[in-house]
Every structure is written in structure tokens, then in C-alpha cells.
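Enquirer: Below are the C-alpha cells for one structure; questions will follow.
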Amino acid sequence: MKAKTIKSVLFGIITVLTTAVTTAQGGSENPFMDRDYWASQPSLADIDAKIAEGYSITEANRGGFDPTTFAIFGGNPVATINHLIEKGNDVNKRTHDSRTYIFWAASRGDLEVMQYLVEKGAKTDLKDSHGYSLTQFTAATGQTDPKIYDFLIKNGADLKNEKDHDGRNVLLVAAPRVKDLDLIDYFVSKGLNLNTTDGHGNGIFNIAAQGGNIDVLKALADRGVSTEKNPKTNENAILFASRGGRGSSNGLEVFEYLEGLGLDANITSTDGTTPLHNISRSSDHLAIYDYFIGKGVDPNAADKDGNTPLLNAATRNKLEVVKYLAEKTKNINHTNKEGHSALALALQNNSGEVVNYLISQGAKTDVLDKDGNNLAYYLFATRGNPRDFDEKVAALRKKGFDFKQTQPDKSTVWHLAVAKNDLGLLKSVSAFGADINAKDSQGNTVLHYAAMKSNNADMLKYLIANGADTKSMTEFGETPYDLAVENELLKQNNVNLDFLN
């Protein structure tokens, strides 16, 4: 009963780990989770042989992708997809971003697999976690083949009424991604209005500008669509173009073209966003920064959340961009409404060289966020293992940062590190001098969490060798042994737990 109580407290942690660890009886990595395996388009016999070895064909990784999604990405034939469905993968199984298999098949333009899935009962009226309908997601991935959309319409797609979280229909979703107006004309032929707007009042020209295709923008302007700014949000096409596409940014020629239409480059939306806020997230073209600052855009402006271009750049952009903006920043220790400084954000997601640079420019290491978390929290707060960990630690230590400090929930660096389930990281933390038997606000030590999370004995034995108390009890009266006994991952790998007892 007690084990069930503590498991409910840590359910989220264990769920993430369980879906991330896909092991066979021997503990090796699951080949079904390797995209290269599915790119080779394996035979059904090979798939069955690996299932017989104990590898799971239904597991999902940390991102929610499973073998069937990888098989679809790899262009495997219908016979393979059917085999995977018959092996226990429901045709309407929700995967990454709550998308079912037909979403992924549509994104590849694989009409044959889409037809098969529908025949097997795939629902076509679902939405993913971003609010995209099946048709909208297909457009968002850049699919332009009318046959795909004809099939979706035949199977219930409602182009006029399907809207995403921003109130955009499929025509508007497609606009930033098209290379010409053929698909736009297709949607118009199906009853959509070229002058439609999204839920914020933005029309197709603004939205298409994000893609930065000047030929498309010229063609739209020739059709007579409005190129004016949206009075509701004070956004214009230049502000949209500054967002860029996923993993890409627009060139100077796009902004110069739009300015030539009479649009103001010194634009600030009603939520305080400027073009510099947008480009600072990913663009490393300093000439574009010069362009906007030359037009009067303030590099120190804060948006409604308190974020400045420097804070955005410190999160993920390159050192040269961070330097450029820092040199134009009045207060390098400015924090947003969450209490995040440029240094905190760089520790979380950027490189060691950016961290070192910010500290060299006077970034404080004794800052706390609005919840009272210190910088050690951000060192571990990244997805996956921390980037340039040793370099960042050295930079903080050089400034006298005390890694023995706890967070508001009483967690130590031991607690922060164990969440990454990485023995090497724990070994690095051991040098910080933090109390290995300290309990957080939930009454748990690092050994308690390791007992819940580990899939082998290595991390547990390391902690014990460094002084972790095997008799320490949680607030529910469980010892590390009690928790480890209930750990399904340890059971699966037949780990002998006598060393904990």
C-alpha cells in the first residue's frame, strides 16, 4: 500500500522512463526504435525474428514515436504496416503530438497506406495536440498533391469548418509552405475564401510572409489580397516574415521587398513583439539585425513576458549573435517575468562558450527565478543530458557559485542529476559536496528516486558507495529496497536487489 502511494507521487517520472527504455531480455537497445532499421524496409520474417528475441513492437520512445511510425517514415509497404497493426498497434493509437498513424502517412503523401488505414478503421476526424486536423497537418508538412486532399475530403474532411488553435483553416495553414498558388487555388475551388482570416484577424498575405517566398507573395498581391497590417494585433507581414520557418530564417531581400510595399519595419505587436524578438531566436545573419536596428527597432525592448532579444538569443542562438545583442543591451542581468536571466537560459539550452561569455560581461551567478530556483536548477533543466556540462560547471565555480545550495523544494544537485538517469552525470555531481542523504520536500533522497527510476544496479551501487543510506525512509515509510522491489524496469532486467536490503 505504501509503495503504491509513493509510486503515485512519482508516476510521471516513471512513465517517461518506462516509455524511453526499450530493452529486450538481454538489455540491448530495441532495433525497432532505430529509424535506420525501418529505412532498410525489413522483411516480415526479420521483424518476427526480433519480436521472438524479446524486442517490443509496441513501445514508444520519449517523444511518443513507436515502431509503426518509424516504419511509415521509412516508406515501408502496406504489408509491413498491416503486420505491425496485427501485432498489437491499434490503428488509432496516439503517438507523438497525439497523432495517429494516418497523420504520418498523409505527411509523406503515402496514399496507399492511408487507404489501408481507413479500411482498418482509422478515424479521419481527429485533431493533434497542436489543434491540427488531419487535412491541416498534411498541409503543414508541405504536401501539395491534390489526390491526398481529394481522399481526405472523400473521407469526411470539412475544409470550411476545421480550424487549428489559431483559428486557421487549411488554406491559411498551407500558405507559408507553398511554392506557388496551385494548392491555394485548389482549396479555393473547394469553397474556401482567399480573403479569409484566422482567429487573430491575420489574412493570407501576412501568414504566407512567414515562409518568405517572394514569388508567392507577389502572386497573392496581384490577386488583390490585403497587404496591410492587422489592426487587431498590430502585426504586419514584416513581423510575420521575421518569424521564419521551422529551422530556417528569411533573408534580407524578403524584408526589403515587403518594405517596398509600404510596410513599416519598425513594428511592435500588441503583445510587445518586435522583429528583433523573432529573428533573435534562430537567425545568425547579423546584417538583418543591422537592418532592423537601423530602422529604429529597439534591441532592449521587452515583450509582454519580459523577454528581450538577448534573452531569446541566449536560449539557443550562436555566440556571435549573443555578443552582438549583449553589446547593445543596457542590462545584461535583465530578467523576464519568470525571473529568467540570459545566463540562466544559456545554462539550460546553450553552449558553454555562451555561458562563459555572459559571465565575462558581468552576468550574475547569484540570481534566483520567481520561484526561488538558483542557477544549478537551470544547469539540469534541459531536455536530455546537459550540454557542455563540465565547462558550465567550471564557469560557475570560477565565480564562486555554491553547488551545495538547495532549491525551494529542498532538492539538491543529487536530486536534479538523478532525474537524468545518467551515471556519468551523478559521478560529476559527487564532487560538488552536497549532502547525498538530504531529503527534498516530498521526503525522498536521491537513492529513493534512483530506486524508482533505474533499470540496472549501477547507479544504485554508486550512490551507496558514496554514502547513500539504504535505511533512509520516505514519508510513507519505504526504504530504497521497498521502492526498488516495485520497479518494473529492475524486474524486467532481473536485477538482484540484495545489496539494498
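For the sequence shown, the residue numbers in mature numbering (1 follows the signal peptide of the UniProt record, and there is no 0) are -24 to -1, 1 to 477. Glycine included, each C-beta is placed from N, C-alpha and C at the ideal position. Keep in mind that this is a model prediction, so the values were computed, not measured.
Beta-carbon separation of alanine 318 and alanine 339 under 8 Å?
Expert: Yes, Cβ-Cβ distance for alanine 318 and alanine 339 is below 8 Å.
Enquirer: Under the assumption that aspartate 86 contacts isoleucine 48 (Cβ atoms under 8 Å), give the Cβ distance between them as a whole number of angstroms.
Expert: Contact holds; Cβ gap of about 7 Å.
Enquirer: Out of curiosity, what's the CA-to-CA distance linking asparagine 463 and alanine 395?
Expert: The straight-line gap from Cα to Cα measures roughly 15 Å.
Enquirer: Less than 8 Å between the C-beta atoms of alanine 133 and leucine 110, yes or no?
Expert: The answer is yes: Cβ separation under 8 Å.
Enquirer: Considering only the alpha carbon of each residue, which of Gly143, Leu334, Gln91 and Tyr353 lies closest to glycine 179?
Expert: Looking at the Cα atoms, Gly143 is the closest of the given residues.
Enquirer: Grouping DSSP H, G and I as helix and E and B as strand, with all else coil, what is serine 83?
Expert: Serine 83: helix per DSSP, three-state reduction.
Enquirer: Leaving out five residues before and five after asparagine 212 in sequence, what residues of the same chain have Cβ atoms less than 6 Å from its Cβ?
Expert: Counting only Cβ-Cβ distances below 6 Å, and skipping sequence neighbours, we find Lys205, Leu239 and Ile243.
Enquirer: Quick check: the Cα distance between threonine 114 and threonine 44, rounded to an integer number of angstroms?
Expert: If I take the Cα positions, the gap works out to 18 Å.
Enquirer: From the DSSP secondary-structure annotation, give me the bridge partner or partners of glutamate 211.
Expert: The partner list for glutamate 211 (beta bridge, DSSP) reads Asn206.
Enquirer: So, isoleucine 255 versus serine 224, is the Cβ gap smaller than 8 Å?
Expert: Result no, Cβ atoms of isoleucine 255 and serine 224 do not sit closer than 8 Å.
Enquirer: Can you say whether asparagine 137 is buried or exposed, counting buried as having 16 or more other CB atoms within 10 angstroms of its CB?
Expert: It is exposed - the Cβ of asparagine 137 has fewer than 16 other Cβ atoms within 10 Å.
Enquirer: Looking only at its own chain, which residues have a Cβ that is under 8 Å from the Cβ of leucine 334, when we skip the five neighbours before and after it?
Expert: Excluding sequence neighbours, leucine 334 sits near Ala290, Val298, Ala302, Ile308, Ala318, Leu319 and Ala322.
Enquirer: With a CB to CB cut of under 6 Å and the five nearest residues on each side skipped, what residues in its chain are close to lysine 63?
Expert: Ile33, listed in sequence order.
Enquirer: Using the C-alpha atoms, what's the distance from tyrosine 31 back to alanine 55?
Expert: Approximately 20 Å between the Cα atoms of the pair.
Enquirer: Can you give me the Cβ contacts of tyrosine 13 inside the same chain, cut-off strictly under 7 Å, excluding the 5 residues immediately before and after it?
Expert: Result list for tyrosine 13: Pro7, in chain order.
Enquirer: From which residue to which residue does the alpha helix (DSSP H) around leucine 286 run?
Expert: Leucine 286 -> alpha helix (DSSP H) spans 285 to 292.
Enquirer: Determine the contact status of glutamine 383 and tyrosine 354, defining contact as a CB-CB distance below 8 Å.
Expert: No, Cβ-Cβ distance for glutamine 383 and tyrosine 354 is not below 8 Å.
Enquirer: Could you please give me the residues that DSSP links to serine 317 through a beta bridge?
Expert: Serine 317 is bridged to Thr311.
Enquirer: Of all the alpha helix (DSSP H) runs that stay within the bounds of the region 405 to 429, which reach a length of 4 or more residues?
Expert: You should have 422 to 429.
Enquirer: Between phenylalanine 181 and threonine 203, which are expected to be in contact by the criterion C-beta below 8 Å, what is the C-beta distance as a whole number of angstroms?
Expert: Correct: roughly 5 Å between the Cβ atoms.
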